[in-house]
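Peer 1:
Numbering (mature numbering (1 follows the signal peptide of the UniProt record, and there is no 0)), first residue to last: -23 to -1, 1 to 246.
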């Protein structure tokens, strides 16, 4: 019987960009939604523009909001909502019109929608509410022991001559792929093909990425492994003068420890 393959993607983005128009208007380029795995991190890529101020802007503050007065990111941590104070980070530099946001670790409640807001001292401020971003959670999938399962782990990097190194917490056959993106970025993907068994149930499948210089990041998913029903029987033959009995003492691996499942088959002659 052919093995059934299922895929569990640890990190994935659904990108639907907003077309950027003239440089002299309030525009932003963000995905309409991103997908992320709870317990891992997610990055919302973001770039924006604003009308030419005709003067030097000395103070620029970027922030992300869930709703008015509900900040998930602000440079001043005390202004963030309590549950986001140590989990959000602005990866981009707003002075260079980069507003990319990282949430780490991602939690089930981080569904959004979230929008970016920019405030420039002695000039203007603007909230990009019409370009809010939602997050869709990638839930763990059930697999059956013995099946071939594929798990993928992807990261972005900027040094193609020193690609990141992937390490998996479970044994299997790993394949590596690198692809060039825009703006000098590359994406590296490791795909692990493995065969889970019943002892892997509720275990973490962890992907560790190590970059040149020793910096590393981790992502994981919890395995739900469905056990195959295996029945073994010891049979004994009893021959009587007028009829025969064939009792079978059978045990299965799919019931709690300490219990047994028995069948008795009676054959009359």
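All C-beta atoms in this analysis are idealised placements derived from N, C-alpha and C, irrespective of residue type, glycine included.
Given this structure, state the Cα-to-Cα distance separating residue 62 from residue 49, to the nearest angstrom.
Peer 2: Taking the straight line from one Cα to the other gives about 8 Å.
Peer 1: Between which two residues does the beta strand (DSSP E) containing residue 145 stretch?
Peer 2: 142 to 145
Peer 1: Please name the residue in 121, 129, 16 whose C-alpha comes closest to that of residue 176.
Peer 2: 121
Peer 1: So, is residue 106 buried or exposed, given that buried needs 16 or more other C-beta atoms within 10 angstroms?
Peer 2: Of the other Cβ atoms in all chains shown, fewer than 16 fall within 10 Å of the Cβ of residue 106; this residue is therefore exposed.
Peer 1: Give me, in chain order, the residues of the same chain whose beta-carbon lies closer than 6 Å to that of residue 156; leave out the 5 immediate sequence neighbours on both sides.
Peer 2: 164
Peer 1: Quick one: what does DSSP say residue 103 is sitting in, helix, strand or coil?
Peer 2: strand
Peer 1: With a threshold of 6 Å on Cβ separation, who are the neighbours of residue 5 within its own chain once the five nearest residues in sequence on each side are excluded?
Peer 2: 25, 105, 108
Peer 1: Quick check: the Cα distance between residue 66 and residue 77, rounded to an integer number of angstroms?
Peer 2: Taking the straight line from one Cα to the other gives about 9 Å.
Peer 1: Pull up the CB-CB distance for residue 132 and residue 95, whole angstroms please, since I reckon it's below 8 Å.
Peer 2: Contact doesn't hold; Cβ gap of about 28 Å is too wide.
Peer 1: Quick check for students: name the residue ranges of the beta strand (DSSP E) that lie wholly in the region 177 to 204, counting only runs of 3 or more.
Peer 2: 181 to 187, 193 to 199, 201 to 203
Peer 1: Just to check my reading of the structure: residue 64 and residue 81 have Cβ atoms closer than 8 Å, yes? What is that Cβ distance to the nearest angstrom?
Peer 2: Indeed, because the Cβ distance is near 6 Å, the residues count as touching under 8 Å.
Peer 1: Pull up the DSSP beta-bridge partners for residue 98, would you.
Peer 2: In DSSP, residue 98 forms no bridge with anything.
Peer 1: Hey, quick one: how far does the beta strand (DSSP E) through residue 109 stretch, first residue to last?
Peer 2: Careful: residue 109 lies outside any beta strand (DSSP E) and carries neither H nor E.
Peer 1: Given that a residue counts as buried once 16 or more other Cβ atoms are within 10 Å of its Cβ, and exposed if not, what is residue 44?
Peer 2: exposed
Peer 1: Alpha carbon to alpha carbon, how far is residue 189 from residue 139?
Peer 2: Roughly 7 Å between the two C-alpha positions.
Peer 1: Start and end of the beta strand (DSSP E) containing residue 155?
Peer 2: Taken as a continuous stretch (DSSP letters only), the beta strand (DSSP E) holding residue 155 covers 150 to 157.
Peer 1: State the Cα-Cα distance for the pair residue 125 and residue 168, rounded to the nearest angstrom.
Peer 2: 12 Å
Peer 1: Assuming residue 13 and residue 197 form a contact by the criterion Cβ under 8 Å, report the distance between their Cβ atoms to the nearest whole angstrom.
Peer 2: In this structure residue 13 does not touch residue 197 by the C-beta definition: roughly 13 Å separates them, more than the 8 Å allowed.
Peer 1: Expressed to the nearest angstrom, what Euclidean distance is found between the alpha-carbon atoms of residue 252 and residue 84?
Peer 2: The shown model of the chain, from -23 to 246, leaves out residue 252, and the question about it has no answer.
Peer 1: Between the Cα of residue 172 and those of 2, 166, 136, 203, spot the shortest distance and give me the residue it belongs to.
Peer 2: For the residues 2, 166, 136, 203, the minimum Cα distance to residue 172 belongs to 203.
Peer 1: Please list, in chain order, all residues of the same chain as residue 28 whose beta carbon is under 8 Å from its beta carbon, the five residues on each side excluded.
Peer 2: 1, 2, 3, 101
Peer 1: Under the rule that 16 or more other beta-carbon atoms within 10 Å means buried, what is residue 39, buried or exposed?
Peer 2: Residue 39 should be labelled buried.
Peer 1: Decide if residue 199 is buried, meaning its Cβ has at least 16 other Cβ atoms within 10 Å, or exposed.
Peer 2: exposed
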